[in-house]
Structure formats: C-alpha cells, structure tokens
Amino acid sequence: MADFTINNKYYELELVAFDKDGTLVDFNHMWGQRFKQWLVDLVTHVDGDDPLLISLERTIGLDSISQTVIPESPLAVATMAKISAAAMTVLYQHGYTWHEAEAAVNYINQAAETVIAPHLVKPVGDVVGAITRLVEKGVRIAVITSDDRAITQSTLPLLGIEQSVDILVCGDDPLPNKPDPAGLIHISQQFDIPLRKIAMVGDTASDMVFGRNAGVGCCVGITGGAGDLISLRQHADVIAASISEIW
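As structure tokens, this is what we get:
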C-alpha cells in the first residue's frame, strides 16, 4: 500500500487504473484525425455525399468544423463495435439496406490499420514520470479502455509505459463495457486488491461513474479530454489537469 496526494487530497492505494484516450493520450490529436479519415473512407466506399458525411459526424460525435470529439458522445465513450453500429444505422437511414450498411462498415474496419502512427500519440502531461513514480511506490498499474486491444497494445510502447502496465482491459475483451463495473472487479480479483484500495483515473463522466459503480476508493477526473467538465466535476472525487498531479 502507498500514500498519495492528489490536489491536496490524501489517499492510500494499491492499484491505479487509467483510462487511455483523453487521460494518457491527447484524445482529439489522435481520434479527431483518425476518425475523420475513417468517415471519409466510409462515405467514399458507399459513393455517398456531403449530407451523409455530416450525419455520420453528428451521430458518432465528431465536430465537423473543429475536427474535435464532442464530449460524452459515442466517439468519446463507446467501443468501436458500438460506434460501428451507430454508423451502420446512419447509412440505413440514408437509404442503404442494413446488409449494405453492415458490409460497408465492416470493410472499412478491416481495412483500417490496427497500429497507431507515432505522430498521433501525444501524451497528456508527463505520463512516463507519473507512472514511474507510482511503480516505484509499489503500486500496480492498470489500463482500462473502450478501445480495442490491438490498438491499445500498439499505443503503450509509443507512450513508453508498456513495461509498467500490469494488466489491460479493453473494449473488445469478453467483459461488459464501461460504466458496468465488471472491468474493475476483474482487476480487483486478479490481484486480490480490495476495490477501496483502487483509484480510477479518467477524462469522462462515464469513467467516474464506472469507478463509482465498482466502489473504488477514489475517482480522479482529468480535464481537457473527451469529457464535459461540469459532468466530470459532478462525479469525480478530485480534478486534475493531468496524471502528473498524482504524487
């Protein structure tokens, strides 16, 4: 067990669970660009038009003007499978049969790279320094993300923390997704650590509700990610600009 101070609040913890996108990685820098191309490729594949692209952007949560992710939208909090289902629904609403919509989205997903380009991975704060401090105190490190495992595993080395992470729970794992508490309960059981000795660190209200549902000892909200600040404050025990503020 280790003692921590986060914005003048004191906690005793044995494990810290981090969300990935928006918490460890700049969400908009990675996913704003990546999903814009994903949508353009999808519209091109089905010979669609600008109104279709706009509908897709609005539905999954991509601001068409700023090319940033809309807080608490599907793109901000949902798994790739759920985002894909939303895109299929938009195609169906625009006159494509369901089988055509499903085939088109599956084709684009299969064509998409599962390895993240290094220039898209921009850490939020001093990720390596913060994780290293935790590890040196004997704390276990978990990453719990709505993203798929293949992309997550390709991202951690680019952040420089792959050797420090003890366990991954990803969106395509055979567990219910956030905010269902199953992921945190699974981690608690794997390491025989009480949930009250675990902190959940994330950038969305969904991450905080996830922690609350599991009964963790501390929920830390990271600002500037894919979450809405007002909602984040309502559900977090403490707010920080980045994980660099965890000591």
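If you count by this note's numbering, then the sequence shown holds residues 630 to 876, one letter each, in order. Note that CB positions come from ideal geometry on N, CA and C, so glycine has one too.
Ala865 places its beta carbon 7 Å or farther from that of Gly854. Where Val753 is concerned, there is no enclosing alpha helix (DSSP H), because DSSP gives it neither an H nor an E. In the DSSP annotation of this structure, the continuous segment of the alpha helix (DSSP H) that includes Tyr721 starts and ends at Met709 to Gln722. Spatial neighbours of Ala811 in its own chain (CB-CB distance under 7 Å, excluding positions within 5 residues in sequence) are listed in chain order as Leu804 and Pro805. With a beta-carbon spacing of about 5 Å, Val756 and Leu653 fall inside the 8 Å limit used to define contacts. Straight across, the Cα-Cα distance linking Val764 with Leu642 is about 12 Å.
Of the other Cβ atoms in all chains shown, 16 or more fall within 10 Å of the Cβ of Gly856; this residue is therefore buried. Around the beta carbon of Gly767, fewer than 16 other beta carbons lie within 10 angstroms, which makes this residue exposed. With respect to the C-alpha of Ile683, the residue from Ala759, His674, Ser693 and Arg762 having the closest C-alpha is Ser693. Around the beta carbon of Trp876, fewer than 16 other beta carbons sit within 10 angstroms, so the residue counts as exposed. When secondary structure is reduced to three states using DSSP, Lys638 falls in the strand class.
Boundaries of the beta strand (DSSP E) around Gly831: Ile827 to Gly831. Here Gly812 is not bridged, per DSSP, to any residue. Going by DSSP, Ile780 is part of the alpha helix (DSSP H) stretching over Arg778 to Leu788. Under the three-state reduction of DSSP output, Gly850 falls in the strand class. No residue range can be given for Ile745, since it is assigned to no beta strand (DSSP E) and is classified by DSSP as neither H nor E. According to the DSSP assignment, Ala843 belongs to the alpha helix (DSSP H) that extends over Ala834 to Ala843. Annotation: the continuous beta strand (DSSP E) that includes Ile773 extends over Arg769 to Ile773. With 16 or more other Cβ atoms inside 10 Å of its own Cβ, Ile635 counts as buried. In the three-state reduction of the DSSP assignment, Ala869 falls in the strand class. The alpha-carbon separation between Ala710 and Ser702 amounts to approximately 14 Å. In the structure shown, Val645 falls within a strand segment according to DSSP collapsed to helix, strand and coil.
For Val706, the enclosing alpha helix (DSSP H) has its first and last residue at Pro703 to Val706. When beta bridges are read from the DSSP output, Phe633 appears opposite Tyr640.
Under the 10 Å beta carbon count, Thr774 is surrounded by 16 or more other beta carbons and is classified as buried. Here Ile822 is not near Ala771, since their CB atoms are 7 Å or more apart.
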